[in-house]
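One structure is given below, encoded as structure tokens.
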Amino acid sequence: MPDRRQFLRRATVCAAALSFQNGTLGQTMLHTPTSTAAATADFNPDIEIALTARVAAVNLRAGGATTLWRYEGAVLTGAATAFSYLDSNSHIPIIRASRGQKIRVRFTNALPESTTVHWHGLHMVQKMDGHPMYAIAPGATFVYEFVVDNRAGTYWFHPHPHERTGYQVYHGLSGLFLVSDSEEAAAQLPQGERDVALIIQDRTFDSGNQLVYLGARRQERMQGFSGQQVLVNGQLGYTREAQRTAYRLRIFNASNASSYLLKWAHGQAFRIIGTDGGLLEEALERQTLSIAPAERIEVWVDFAGFASGQELQLLAETFTPALDNITSSQSGATLIQGARPIATFRLAGSATSTSTPPTRLSTYPPLLLSEAINQQSARRVQLSMMQGNAMLNGRIYGAMDEVADDEKVRAQTVEVWEFANDSPVGMLMAHPMHVHNVQFRVLSRSVSSVQSTQLQTLRSGIVDEGLKDVVQVLPGERVKVLMRFEPHTGIYLTHCHILEHEDLGMMRNLLVQTALRKLDTVKSGGTATTAVIAGAISADGGLSVTNEVTAPARVDIHAGISPETGHVGRAAGIVVVLQLLHSNSWLTLTASGELRPFNSAAIEFYKEIASLQNYHEIALYSGALTANEKGVFNLYIGYAVDASRSASDLIYSAEPLTLTVR
Ligand SMILES: [Cu+2]
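With the first letter of the sequence shown counted as 1, position 454 gets the number 451 in the numbering used here; the numbers rise by one all the way through.
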């Protein structure tokens, strides 16, 4: 049995979505269909970039220009290196920033359709996350402002408009967002010319050198798009001259749907130093690398032991989401060991002495299963595909603000999630699952009952170590991950990163609700009052956490309780505490509806609930406010489970509902 108080302290979660007559607070918060955002006057960015998405012709290969959708950028403030293109002539942009820097991106949509910019893997407030609810119309601008608070690592950005992400990314819209920090600097990894990004994308070109994407048929989209050629950094047969020394390679699968199994033609093992969320704590070695769409794997390699003029080839086998190995049907260089060379390092220069392979790379706060509020009952996300739909828990993406009860979490709490790709009906495919605004640890990967050769081959190279924001979930598997939600609250997303699946609706909103804490500062005392407690219906019928009314006014107050997962099904007492700011008194609402001085030594409960459900809505008050009731009122709601009834075991809302009566 975990110690109860420890458990509660750790949990820091619980109750209190405040809601009113005309709908829940959640819905009110979600009513933000803005497609523009202006710069904030006092933001003072360290880096300011003008970024435009437009249609442009780019010379990708011989035979004429290819029409792409591309990002163009210019640095307005900060180092010129903050924005560049990969390999100088490429269309793939790179933004470079240090942890802690303030970034402003003045984005202009010069495309013929709406788009957004999602900063994949980075922690963002809701409005800056590129959620499709913030679609930016053609010709419109949107100013993204955020502070980089992720660890050093290889992050990226791409469009996230509803149902069009696959098309827009395929046609060229994606870029790297590289974060550096002091810990990375201390690791003394190869830098500058020896820090190389390898971006893998598969594309199909027609005879006029134009990109060919799949059609609108649902069946095609279910299969996902896999191209006939595998490009690295925009080029087929990517070749790079390299010195005979150590390199850092940031390998990133930016393909829409294909997964790759990578290996060196010369048989060397990969020394893995980082994954999605930055450097590993300790380097590890693998003979092959399996990389799913949106995943990043960083490796360290030393070319010192090879001769000048020698060519080292990185080989790839391509797997579709259905795990068909289509390498032999793809074009490109000759097959080697059943794979195609996708990148070649041609060694040059004088020999340098062999470098010491990195071992210890970083440390980060442990994320422990014991911290999870649902250690015994993982939050299940069932993946399924049937009747032309790709679904999460049997649902496809609905309204922009639609959130089911089982899609709500609490900021700063730790949860276990289980992605279950074992639906007994429908098609089984690999689904790389991504959760916005969080980096997680992979806890376990069940052995699948489906044991095809392809699946075993692909699984053999999977890198689950480190902090991740995408995890490959193979057919028949269940993968458990552990994550701590960031302090940012609001609507984020959980989705499959096969972009055609995402566009089909294999995506759901994730509502991160306010972190709740025990209100230790509640004081007893004060005097009873006839003042009516908090909350108001504003002129348009909408409601927010902070309300103002001019007396006389009518108010309706409801409070919602969403207990932490571990408390569902248990008996609980609900307490309502009212703080009168004008008199600095604390009151509690009794079961009979009276307001009495709050006494922490003898808590009076407003209501008993026999079995806590995921959500309870409680009507607290309905009536009129008179001019005598002017002032500011803060309302908190809390609960205590089972027989525990002492003040120290109560879990309160962190933020009050505030009503100002003028
Ligand atoms: Cu999928």
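Glycine included, every Cβ here is placed at the ideal spot set by N, Cα and C.
ask   = Is the number of C-beta pairs between the region 223 to 242 and the region 281 to 295 that are closer than 8 Å three or more?
value = no
ask   = So, using beta-carbon positions, are R51 and A137 closer together than 8 Å?
value = Here residue 51 is taken as the residue at index 54 of the sequence shown, counted from 1. Here residue 137 is taken as the residue at index 140 of the sequence shown, counted from 1. No. Outside cutoff.
key: Chain-order list of residues whose beta-carbon lies under 7 Å from that of L358 (same chain, five-residue window excluded)   = Working through the sequence shown from its first residue, we reach residue 358 at position 361. Contacts found: A184, I270, L276, L277, E278, E279 and A280.
key: Validate contact between the region 438 to 456 and the region 475 to 486 using beta carbons, cut 8 Å, 3 pairs   = yes
inquiry  = Taking only three categories from DSSP, how would you classify M504?
reply    = Sequence index remark: in the sequence shown, residue 504 carries index 507 (1-based). In the structure shown, M504 sits in a strand (DSSP, three-state: E or B).
request  = Pair every Cβ in the region 333 to 351 with every Cβ in the region 233 to 243, then say whether three or more of these pairs are closer than 8 Å.
outcome  = yes
message = Cutting at 7 Å between CB atoms, please list the residues of its own chain near W336, excluding the five before and the five after it.
response = To locate residue 336, count along the sequence shown from 1; it is residue 339. Note on identity: in this sequence residue 336 is Ala, with Trp being the wrong assignment. Cβ within range, chain order: K260, L312, A313, E314 and T324.
query = What are the uninterrupted segments assigned as beta strand (DSSP E) that are 3 or more residues long and contained completely in the region 290 to 320, given in chain order?
reply = 293 to 299 and 308 to 316
message = Using only the alpha-carbon positions, how far apart do W116 and Y131 sit?
response = Counting from 1 along the sequence shown, the entry for residue 116 is found at position 119. Counting from 1 along the sequence shown, the entry for residue 131 is found at position 134. Between W116 and Y131, the C-alpha separation is close to 14 Å.
query = Taking C-alpha atoms, which residue in R392, L320 and A417 lies nearest to V378?
reply = Against the sequence shown, residue 378 aligns to sequence position 381. Of the candidates R392, L320 and A417, the one whose C-alpha sits nearest the C-alpha of V378 is A417.
ask   = Looking at L609 and R567, is the spacing between their C-beta atoms short of 8 Å?
value = Position 570 of the sequence shown, counting from 1, holds the residue named residue 567. Position 612 of the sequence shown, counting from 1, holds the residue named residue 609. Closer than 8 Å, so yes.
inquiry  = What does the alpha-carbon distance come out to for the pair I534 and V658?
reply    = For the purposes of this step, residue 534 is taken as residue 537 along the sequence shown, with counting starting at 1. For the purposes of this step, residue 658 is taken as residue 661 along the sequence shown, with counting starting at 1. At I534 the pLDDT is 21, less than 50, meaning the model places this residue with poor confidence and gives no usable figure here.
query = For V400 versus M430, is the C-beta distance shorter than 8 Å?
reply = Counting from 1 along the sequence shown, the entry for residue 400 is found at position 403. Counting from 1 along the sequence shown, the entry for residue 430 is found at position 433. For V400 and M430, no; Cβs fall outside 8 Å.
ask   = What is the rounded straight-line gap between the Cα of L578 and the Cα of T511?
value = To locate residue 578, count along the sequence shown from 1; it is residue 581. To locate residue 511, count along the sequence shown from 1; it is residue 514. The alpha-carbon atoms of L578 and T511 are separated by roughly 22 Å.
request  = Tell me whether R642 sits in a helix, a strand or coil according to DSSP, three-state version.
outcome  = Within the sequence shown, numbered from 1, the residue matching residue 642 stands at position 645. Coil at R642, not helix or strand.
query = Are the region 481 to 498 and the region 325 to 335 touching by the rule of at least three beta carbon pairs closer than 8 Å?
reply = no
message = Measuring straight from C-alpha to C-alpha, what distance separates R593 and Q576?
response = Position 596 of the sequence shown, counted from the start, is the residue given in the question as residue 593. Position 579 of the sequence shown, counted from the start, is the residue given in the question as residue 576. So the two alpha carbons sit approximately 11 Å from each other.
task = Let me know if H263 comes out buried or exposed under the rule of 16 or more other beta-carbons within 10 Å of its beta-carbon.
result = Numbered from its first residue, the sequence shown carries residue 263 at position 266. Result: exposed.
query = Terminal residues of the continuous alpha helix (DSSP H) containing T511?
reply = One-based indexing of the sequence shown puts residue 511 at position 514. Here T511 belongs to no alpha helix (DSSP H), and DSSP marks it neither H nor E.
message = Counting beta carbon pairs with one atom in the region 411 to 426 and one in the region 358 to 372, are three or more of them shorter than 8 Å?
response = yes
message = Tell me the residue span of the beta strand (DSSP E) that contains V55.
response = On the sequence shown, residue 55 is found 58 positions in, with the first residue counted as 1. Counting along the chain, the beta strand (DSSP E) containing V55 begins and ends at I44 to V55.
key: Exposure label - S445; buried when at least 16 CB within 10 Å   = For the purposes of this step, residue 445 is taken as the residue at position 448 of the sequence shown. Buried.
ask   = So what's H157 in DSSP terms, helix, strand or just coil?
value = For the purposes of this step, residue 157 is identified with residue 160 of the sequence shown, where counting begins at 1. Note: H157 maps to coil in three-state DSSP.
inquiry  = With H, G and I counted as helix, E and B as strand and the rest as coil, what does DSSP make of N371?
reply    = Residue 371 sits at position 374 when you count from the first residue of the sequence shown. Note: N371 maps to coil in three-state DSSP.
message = Beta-carbon within less than 8 Å of S177's beta-carbon, same chain only, minus the 5 sequence neighbours each way: which residues are those?
response = Residue mapping note: residue 177 aligns to position 180 of the sequence shown, counting from 1. Excluding residues within five positions, the ones whose Cβ falls inside 8 Å are R93, A94, S95, R96 and A149.
query = Relative to ligand 2, is the shortest distance from any of its heavy atoms to the C-beta of M503 smaller than 7 Å?
reply = Because ligand 2 does not appear in the structure shown, any question about it cannot be addressed here, the ligands present being ligand 1.
request  = Please state whether DSSP places M125 in a helix, a strand or coil.
outcome  = Your numbering for residue 125 matches position 128 in the sequence shown. Looking at M125 - three-state DSSP - the assignment turns out to be helix.
request  = Compare the C-alpha of R191 against each of E561, A36 and L246 and name the closest.
outcome  = Start at 1 with the first residue of the sequence shown, and residue 191 comes out as number 194. Of E561, A36 and L246, the residue nearest in Cα terms is L246.
task = Reducing DSSP to helix, strand and coil, say where M383 ends up.
result = Counting from one through the sequence shown, the residue named residue 383 turns up at place 386. The answer is strand: DSSP assigns M383 an E or B state.
query = Is the region 393 to 407 touching the region 445 to 465 in the sense that three or more CB pairs, one from each, lie closer than 8 Å?
reply = no
request  = Please list, in chain order, all residues of the same chain as T37 whose beta carbon is under 7 Å from its beta carbon, the five residues on each side excluded.
outcome  = For the purposes of this step, residue 37 is taken as the residue at position 40 of the sequence shown. Answer for T37: E142, listed in chain order.
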